[in-house]
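Numbering of the sequence shown is given in our numbering, commencing with residue -7 and proceeding in unit increments. In this text, a Cβ means the ideal position worked out from N, Cα and C, and glycines have one as well.
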Amino acid sequence: MCWWSFLREAQNIVEVKDVVVGPCGEKVGHASAIVEEELEAGGEKLEGVYIRWLIGKNDNAKVFALRIVRMEPGSHIPAHAHPWEHEQYILGGEGVFRIGSRKYRVRPGMFLYIPPNVEHEYWNTGSEDLVFICIVPLKPSAPEEKLNC
-7 MCWWSFLREA QNIVEVKDVV VGPCGEKVGH ASAIVEEELE AGGEKLEGVY IRWLIGKNDN
53 AKVFALRIVR MEPGSHIPAH AHPWEHEQYI LGGEGVFRIG SRKYRVRPGM FLYIPPNVEH
113 EYWNTGSEDL VFICIVPLKP SAPEEKLNC
């Protein structure tokens, strides 16, 4: 089939304006349609830090959660560690991320892998919102143990 004949069958293409859950359980949507929540750590809300859970357990995802984190200028996510990895991609803004004993300056287009059990924290050091995609497994990906690196 040629690509232009595929386009002629446009009547079978669903236009999504907010979020749609399809007949096979798929979820397709725009991030702005997902409610942004204040991020909490240790039962405390973090001032100026927000999260959108785009895909997670409530969507019947089995392996990963997909989130967008937004940090206002001057905000901070305190040091923490847990038995799951993170994959992150910076969409906008600038900041400093500490992974283990090293600090990294981050900006749009950069990616990060944070191994399980490695302490990490984040600062928005820029003048605009720091926004990043964060993917985490829904279950621990390693035994819980503190790594010093």
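Near the ligand ADP: residue i beta-carbon under 7 Å from a heavy atom
i, result
"residue 107", "This structure simply doesn't include the ligand ADP, nor any ligand for that matter."
Bridge partners - residue i, DSSP secondary structure assignment
i, result
"residue 29", "43"
"residue 57", "128"
Nonlocal neighbours in the same chain, by C-beta distance under 6 Å from residue i, ignoring five residues either side
i, result
"residue 95", "88"
Residue i, enclosing beta strand (DSSP E) - first and last residue
i, result
"residue 69", "68 to 72"
"residue 21", "19 to 21"
"residue 13", "11 to 13"
Cut-off 7 Å between Cβ atoms - residues of its own chain near residue i, not counting five sequence neighbours on either side
i, result
"residue 46", "23, 26, 58, 59, 60"
"residue 17", "52"
"residue 126", "59, 61, 78, 80"
Beta-carbon contacts of residue i that lie in its chain and below 8 Å, excluding the five residues immediately before and after
i, result
"residue 143", "Nothing can be reported for residue 143: it is not among the residues displayed for the chain, which extend from -7 to 141."
**Prompt:** Are the segment 61 to 76 and the segment 37 to 48 in contact at 8 Å, needing three or more beta carbon pairs?
**Reply:** yes
**Request:** Please specify which runs of the beta strand (DSSP E), each continuous and at least 3 residues long, are wholly inside the segment 75 to 136, giving them in chain order.
**Result:** 78 to 84, 87 to 91, 94 to 98, 103 to 106, 112 to 116, 122 to 129
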